[in-house]
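Engineer: Quick one: structure below, then a few questions.
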Amino acid sequence: MLTAINSPSSPSCRNLKISNCLSLNKLHNQSTNASGEAPATTDTLRIILAAGGTGGHIYPAIAIADDLKVLDPNAQILFVGLQTGMESTAVPTAGYSFEPIPAAPLGRPFFSLYNLFVLPFVLVKSLIKSSQIFKEFKPHIVIGTGGFVSFPICLAASLKGIKLAIQEQNSVPGIANRVLSLFAYNVFVAFNSSVDCFWQKNKCVVCGNPVRLSLRQYASKAVGRRHFFSNAVVGKGDGKVVLILGGSLGANALNVAILHLYSEMLKERKDLFLIWQTGVLAYDEMESLVKFHPRLYITPFLHSMDLAYAAADLVVSRAGAMICTEILTAGKPSILIPSPNVAEGHQFHNACLMADLVGSTVITEDELDSLTLKSSIEEILDNERLMTEMSERALKTAKPNASIEIAKHLLSLVNSSMKF
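Numbering (this note's numbering), first residue to last: 403 to 822.
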């Protein structure tokens, strides 16, 4: 169990119908004049955001788009991603246009038949589709926020001479973003230590990770707790609330550990409340095994994350880049269990950096069991001074205005080559 970075291996560089959205064709039609010709460079700002796979890549892109629209309400924004990915629903729900492209992840091991014969074919299809999108939409800039689907369209942008920027959420970037950084004008990173991971450090801008607007608009602890528990149970609000986040799909090891400790902890601590997000895949099984308790709120997915963070005194979670960013923004003490199944060890690097920056307790999955987790939770909850220190360090480290800063940089970058 880690509370600081002292391991030599710790890095120093750390379809839903689109009923409410404009189609790509409609956006193109809006961007052409009466004669059907392409617009001049003085026309409306047009931006493509490439993101997909998980919420950790998609929601930062949406946050950037939201602030771009605040700064330039007339800007036309198009998202590109997988038709089968969560971006195909999340993006239209957020009010933005979406266009799918074919894409596939890099296989393991690197020198595999899949990577040698299948992946190049898919990449060519992706580049062709990307070129078609560019021809119709005519973007002034492309921004990639990660996920394997962002690689081909960002690569296509560089081949077409379209300005490119990328945003890296993790403390240590993956191979794709390191390669794309060679062609990008700017690389927006979350942490100072991330700069050392890129070959062209002068391109890096340390902004933090973009977070959803709702998480920047703080709700009170009382409002948050009453959202999840009845007034009679909450009482005067003197109890402690532990928020357990296993990710949108769930974390089996974390769920099993909570399943084995929740009843005992609620029995021993009359002032303890648990908000437990199991993930959609694990919910039915966990819900069937859990006995009802008025101080336990169990759900497959949390839609009101702002209220969940407001209610919480302590967060127990995986160590995805965006969850770590949200913990910092909310100023919460945390226990992090990095997933061992994430490519390139991103979550372990993120967790180690959180331990170093804000004192997060880190438990590897090999170390995780109900007794270890229970002991770690109690160690923090029973130490008010430690909780206050962890909270203050988190707030000091947080960069809640990252999306605004990134949006301003992007507008400045585009403005150097066009007139509005």
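Using N, Cα and C, we set each Cβ at its ideal position, and we do this for glycine too.
These numbers were taken from a predicted model, which means no experiment stands behind them.
In terms of residue numbering, what span does the alpha helix (DSSP H) encompassing Gly458 cover?
Structural biologist: Looking at the DSSP string, the run of the alpha helix (DSSP H) that includes Gly458 is 457-473.
Engineer: Quick check on Ser560: does DSSP put it in helix, strand or coil?
Structural biologist: Here Ser560 sits in helix by DSSP.
Engineer: Does DSSP classify Gln569 as helix, strand or coil?
Structural biologist: It is a strand residue.
Engineer: Alpha carbon to alpha carbon, how far is Glu769 from Glu570? Give it in angstroms, no decimals.
Structural biologist: About 29 Å.
Engineer: Assuming the contact rule is C-beta atoms closer than 8 Å, Leu470 and Ala477 should be a hit. Round their C-beta distance to whole Å, please.
Structural biologist: Indeed, because the Cβ distance is near 6 Å, the residues count as touching under 8 Å.
Engineer: Output yes or no for whether 8 Å exceeds the beta carbon distance between Val574 and Cys609.
Structural biologist: Cβ atoms of Val574 and Cys609: not closer than 8 Å.
Engineer: Helix, strand or coil, according to DSSP, for Val625 in the structure here?
Structural biologist: DSSP places Val625 in helix when its eight states are reduced to three.
Engineer: So if DSSP puts Trp678 in a beta bridge, which residue, or which two residues, is it bridged to?
Structural biologist: In the DSSP output, where bridge partners are listed per residue, Trp678 has Ile646, Ile700.
Engineer: Classify Leu566: buried if its beta carbon has 16 or more other beta carbons within 10 angstroms, exposed otherwise.
Structural biologist: Buried, since its Cβ has 16 or more Cβ neighbours within 10 Å.
Engineer: If we count Cβ pairs, one from each stretch, closer than 8 Å, do we get three or more for the region 575-587 versus the region 601-619?
Structural biologist: As far as the Cβ criterion goes, the region 575-587 touches the region 601-619, which means the pair count is three or higher.
Engineer: Can you tell me where the alpha helix (DSSP H) with Gln534 in it begins and where it stops?
Structural biologist: Counting along the chain, the alpha helix (DSSP H) containing Gln534 begins and ends at 521-539.
Engineer: Give the C-beta separation of Leu813 and Leu663 to the nearest angstrom, bearing in mind that I take them to be a contact with Cβ-Cβ under 8 Å.
Structural biologist: So it is not a contact: roughly 49 Å between Cβ atoms.
Engineer: Just the Cα atoms here: how many angstroms apart are Thr727 and Ser622?
Structural biologist: Roughly 20 Å between the two C-alpha positions.
Engineer: Taking buried to mean at least 16 other C-beta atoms within 10 Å of its own C-beta, is Lys445 buried or exposed?
Structural biologist: Checking the sequence, you will find Asp at residue 445 rather than Lys. Classification for Asp445: buried.
Engineer: Have a look at Ile729 and Ala796 and give me their C-alpha separation to the nearest angstrom.
Structural biologist: Using only the alpha carbons, I get a separation of about 7 Å.
Engineer: Below 8 Å CB to CB, which residues in the same chain sit around Ala809 once its five sequence neighbours on both sides are set aside?
Structural biologist: If we look at Ala809 and ignore the five residues flanking it on each side, its Cβ neighbours are Ile466, Asp469, Leu470, Val472, Leu473.
Engineer: From the DSSP output, in three-state form, read off Glu489 for me.
Structural biologist: DSSP places Glu489 in helix when its eight states are reduced to three.
Engineer: Can you look up Arg448 in the DSSP assignment and give me helix, strand or coil?
Structural biologist: Note: Arg448 maps to strand in three-state DSSP.
Engineer: Taking the beta carbon of Arg627 as the centre, do at least 16 other beta carbons fall within 10 Å, making it buried, or is it exposed?
Structural biologist: With 16 or more Cβ atoms within 10 Å of its Cβ, Arg627 is classed as buried.
Engineer: Hey, out of Val551, Leu683, Val760, Val744, whose CA is closest to Ile737's CA?
Structural biologist: For the residues Val551, Leu683, Val760, Val744, the minimum Cα distance to Ile737 belongs to Val760.
Engineer: Using a Cβ-Cβ cutoff of less than 8 Å, which residues in the same chain neighbour Ser596 once the five nearest sequence positions on both sides are dropped?
Structural biologist: So the list reads Cys415, Arg416, Glu570, Asn572, Ser573, Val574, Pro575, Cys606, Val608, once near-sequence residues are dropped.
Engineer: Taking the beta carbon of Arg720 as the centre, do at least 16 other beta carbons fall within 10 Å, making it buried, or is it exposed?
Structural biologist: With 16 or more Cβ atoms within 10 Å of its Cβ, Arg720 is classed as buried.
Engineer: Any chance the region 734-748 sits against the region 479-488, with 3 or more Cβ pairs inside 8 Å?
Structural biologist: These segments do not touch.
Engineer: Nearest CA to the CA of Gly641: which residue from Glu666, Phe631, Leu615, Asp673?
Structural biologist: Nearest option by C-alpha distance: Asp673.
Engineer: In three-state terms, what does DSSP make of Thr547?
Structural biologist: DSSP places Thr547 in coil when its eight states are reduced to three.
Engineer: Who are the Cβ neighbours of Leu668 in its own chain at under 8 Å, not counting the five residues just before and after it?
Structural biologist: So the qualifying residues of the chain are Leu674, Leu676, His695, Arg697, Leu698.
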